[in-house]
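With the first letter of the sequence shown counted as 1, position 5 gets the number -10 in this note's numbering; the numbers rise by one all the way through. All C-beta atoms in this analysis are idealised placements derived from N, C-alpha and C, irrespective of residue type, glycine included. Contents: one structure, followed by commentary.
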Amino acid sequence: MATDIQDLLARSLLAVRTLRSSVNQVFERFRNGMKEDNSNENKERSFLNELQQGLLSVNQNLGEVEKLGSVITAPAGPLLSGNSALLSLDPVLDKTPLHSQLLQAYKWSNKVHDVANHAFVLLNQNSLKRSTLPSGGPAAKRLRTAQQNFHKLPPQQIDAVIDTQKRMFPDLDIKIHRPQGTAAVLEVTVGRAMKIIIVLRGLILETVNVRGLDEQSFKDNGELDIWTKSKYLVYLKITEHACAALLHFYMPHRPDIAFRSFLTWLNSYTSLFTIPCAKCETYLQDNLPPTWREFRNLKPYHEGCRP
């Protein structure tokens, strides 16, 4: 089987060489042009005959190459040559310090093994303990810190945190709703610019939705409308930025700091329609005010002027 494939490959290479030779001959005839003869008619006839014969030879050789190419099939899987395939990476075998490198690696591994054994013996002789009491004693209990679950906090503690934030941000009118019992939903009015619905899970900020002051926050049946999007493009943009701010200020171990940082960022929108962009110094771009507030310095930017 291997011999047949080798014969086919040899015949294919020979056919390709013949095809290249016939193509070169055709272009040589084109380059040389018509031979010098007595009559123009004989020159043209001779040139056309030679050209026709050359093209017929090219066509015949091309058919032979295609026929041989259709017979040869690719191997079913990859050629598993193993580590022998790596031998061609460095053909200069005399300059490869293989023996010295293997000897150095062997000595290094033996040395590491010996040092590890000595360290194991010494550490077993001197057990490192912070206390002479057995594990699980009173000392170990004192070292354990209570992990507070900020996802489940009593409503009184959440109300106390929100009241503190109200005093810190007088421009934010914060109202607390509990449509499902314990989970708090905040309705925050940011000056004369907008109002935002904030859903809390304990003290963790879950989601936000920004609407205009003229848009309703309650449904016809009296329930708080959390999910309805604003009909104004400017507030849809600010909703996207607020979701990005939630991810930026997210601190699961200190949600009170994350909550205060988010309200600080939100308080900067009190001047939404009255302050120009910090970069282009214009009020409107694409009929929109500067809807982005930088997280670090709270500077206003248009969507296309963000740093």
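Contact annotation: I223 and V195 have beta-carbon atoms nearer than 7 angstroms.
With 16 or more neighbouring CB atoms inside 10 Å of its own CB, H287 falls in the buried class. When the Cα atoms are used, R152 and D271 turn out to be separated by approximately 37 angstroms. Taking C-beta atoms as the reference points, P275 and C265 fail to come closer than 7 angstroms. In the three-state scheme derived from DSSP, where H, G and I count as helix and E and B as strand, D(-11) is classed as helix. About 11 angstroms separates the CB atoms of V175 and I183; that is not less than 8 angstroms, and the two are not in contact. Using a Cβ distance threshold of 7 angstroms, L283 and S253 count as a contacting pair. Annotation: L188 is outside any alpha helix (DSSP H) and is labelled neither H nor E by DSSP. Inter-residue distance for G197 and L221 is about 10 angstroms (C-alpha atoms, whole angstroms).
Straight across, the Cα-Cα distance linking F203 with L171 is about 13 angstroms. Following the DSSP letters along the chain, one finds I161 inside the beta strand (DSSP E) bounded by residues L157 to H162.
Counting other Cβ atoms within 10 Å of its Cβ, L87 stays below 16 and is therefore classed as exposed. Cβ-Cβ separation between E49 and A0: approximately 5 angstroms, consistent with a contact (criterion under 8 angstroms).
L188 and W277 have their C-alpha atoms some 25 angstroms from each other.
Contact annotation, A243 with F234: C-beta distance approximately 5 angstroms; criterion of less than 8 angstroms satisfied. Shown here for Q10: same chain residues with a beta carbon closer than 8 angstroms to its own, the five before and five after excluded, namely G39 and S42 in chain order. Secondary structure note for L171: its beta strand (DSSP E) is the uninterrupted segment V170 to V175.
DSSP places R152 inside the alpha helix (DSSP H), whose first and last residues are P140 to M153.
In this structure, DSSP gives R278 an extended state, which the three-state scheme calls strand. A residue is called buried once 16 or more other Cβ atoms fall within 10 Å of its Cβ, and Q150 is buried on that count. A Cβ-Cβ distance of about 15 angstroms is found for the pair V146 and L251, leaving them out of contact under the 8 angstroms criterion.
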